[in-house]
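Residue numbers (the numbering used here): 41 to 270.
Every residue, glycine too, gets a C-beta built ideally from N, C-alpha and C.
Structure, as structure tokens:
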């Protein structure tokens, strides 16, 4: 199966936390001295033209990120050889129920509830590896309706992609189709039902070299469960 179907063939989403210093600071978190990550379920993937669902009583924040799609299985991968395991890229959102995350932090609990809702990992179409010569110099931007809320550069990542692949694969095997979300720049904030999120990934310079974009409407979570927005 092609890597274009990474949302179906990948078995995990590895999300790197606080990989941009200014983002860590805006949430009053310490800037990390080594990488750390959490896992998101693949059931949280959302493809266009899907809709992001805001659960009841949740303050949901946007976090735009560059995702790395793993091209082949590997364990204990060195930073020097990490490039051989990159199959492509994706523009992604790590949607977060911030109030649930804050509660989890206070009690030392995992972030799975805050990060794992259905539709909480919206993604663009798969980006061929050849489309990005230097992943350390890309513009990431995000708009809520017509207002630009995030506008950053992957130059500002604390831990670069080879170091992230080395770190994660020293703990768990990376498999074809897995995605590593590399962190978000500053500017995270809330979104509500009725709004629209638009994001883009561009080469540096004129702003005309667009690699990927996405647009996702935001709605209240449907259904009858405890988090349904009735």
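Asked	Found
C-alpha distance - residue 139 paired with residue 152, whole-angstrom precision	13 Å
N-terminal and C-terminal residue of the alpha helix (DSSP H) that residue 155 is part of	152-155
Burial state of residue 155 (16 or more Cβ within 10 Å)	buried
Short Cβ contact (8 Å threshold) for residue 95 with residue 137	yes
Reduced DSSP category for residue 228 - H, G, I as helix; E, B as strand; rest coil	coil
Residue 109 versus residue 168 - alpha carbon distance	10 Å
Closest residue to residue 116 among 250, 87, 79 and 205 (Cα-Cα distance)	205
Simplified DSSP assignment, three categories, for residue 82	helix
Range covered by the alpha helix (DSSP H) that runs through residue 142	138-147
Buried/exposed call for residue 250, threshold 16 Cβ in 10 Å	exposed
Beta-carbon proximity list for residue 252, same chain, < 6 Å, skipping 5 on both sides	131, 164, 167 and 241
Opening and closing residue of the alpha helix (DSSP H) in which residue 72 lies	Careful: residue 72 lies outside any alpha helix (DSSP H) and carries neither H nor E.
8 Å Cβ shell around residue 150 - same chain, five flanking residues per side excluded	78 and 144
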